[in-house]
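Just below is one structure, and these are the notes that go with it.
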Amino acid sequence: MAGRVAGKKAFITGAAQGLGAAAAKKLAAEGAKVALADINVKGVEALAGELNKAHGAGTAFAFALDVTQEDQWIAALKAANDAMGGVSVLLNNAGISRGGGLEDMALDTWRTVMSVNVDSVFLGAKHALKYMRDNQPGSIINISSIAGLIASHNNPSYNASKAAVWLLSKSIALHCAKHKLAIRSNSIHPTFIDTPILDPLRQMLGKEEAEAKLARQIPIGHIGEPDDIANAVLYLASDESKFMTGAELRLDGGISAM
Ligand SMILES: NC(=O)c1ccc[n+]([C@@H]2O[C@H](COP(=O)([O-])OP(=O)(O)OC[C@H]3O[C@@H](n4cnc5c(N)ncnc54)[C@H](O)[C@@H]3O)[C@@H](O)[C@H]2O)c1
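Mapping the sequence shown onto the working numbering, position 254 (from 1) lands on 311, and the numbers just tick up by one.
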């Protein structure tokens, strides 16, 4: 099949909805095979069915994965490697946000956010490289956030975890370069994008007011669409970005230009 990522084999975490699902759709439409991993198994099974219907059987596969669990990473990557005939792209997308200020946040909540957002990237890169070595050139794409570069007063665990993803992406890039692997690693930093992650705020303020409140913080004047991020994933997954590693893509409607 022709396409900008024809022949690529992408493992995607948090693929049941939101940015992960949008990236999976984009990569499959551009010729990649996709392994969809999530704790929401029904969600990834449904999306895999949809993509196989649209692009042919054997395009998409669904796997249960809690990204905080090393044994599950080992099993899911092996199964995905067997199913797709390799792994050449890793999209570390699964992530959570748990509000709560510095003085109110329970240590357990802090640890949960750090584990889902940061342990995931460490474990994914560590165990995927075994397969990606055999499928070069490859690309590791980590979804950080603009909140990993710019802090706010009320989300310390999210700020700290996404900042960790930012520098960990560079560390992975340098590890691969040092070992002469044609495997790149970069981070993506979105601002507010229209996905279910915004639902708690929508429930609190109502959809219109919530989105207007977020939009007021963005120079371009509105929140982003999932495809705004999926297009960046497509670029980083493809060989069009073959000279880009250890870098960050800010898709923030101009926030960090201020
Ligand atoms: N949407 C935004 O405004 C925005 C902005 C900046 C960064 N991000 C980041 O983008 C990524 C995707 O966000 P989204 O908006 O699509 O969120 P979402 O809540 O819509 O989807 C997240 C997905 O991750 C899965 N997931 C959660 N915990 C998991 C775990 N332990 N193991 C495996 N899967 C798990 C969920 O089941 C869900 O399918 C996250 O890392 C998020 O922090 C989102």
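Don't be surprised by glycine CBs; every beta carbon is placed ideally from N, CA and C.
Here the structure is a predicted model, which means the values were calculated and not measured.
Relative to the non-hydrogen atoms of ligand 1, the Cβ of Asn-97 comes within a distance shorter than 7 angstroms of at least one.
Residue environment analysis places Ile-286 among the buried positions, since at least 16 neighbouring C-beta atoms fall within 10 angstroms of its C-beta. Selection Ala-133, Trp-130 and Leu-84 evaluated against Ala-111 yields Leu-84 as nearest (Cα-Cα). Thr-116 sits away from Val-173, with the two beta carbons spaced by 8 angstroms or more.
Residue environment for Pro-276: exposed (fewer than 16 other C-beta atoms within 10 angstroms of its C-beta).
Separation of Gly-100 and Leu-255 (C-alpha to C-alpha, rounded to the nearest whole angstrom) is 18 angstroms. Spanning the alpha carbons of Tyr-188 and Glu-305 requires a straight line of approximately 24 angstroms. Set against 7 angstroms, the gap from the CB of Pro-247 to the closest heavy atom of ligand 1 is smaller. Nearest neighbour of Gly-60 by Cα position, chosen from Gly-106, Ala-94 and Glu-87, turns out to be Glu-87.
If you check the CB distance, Ala-230 and Lys-219 do not come in under 8 angstroms.
Proximity to Leu-134 across Tyr-292, Asp-95, Glu-265 and Gln-274 peaks at Asp-95, based on C-alpha coordinates.
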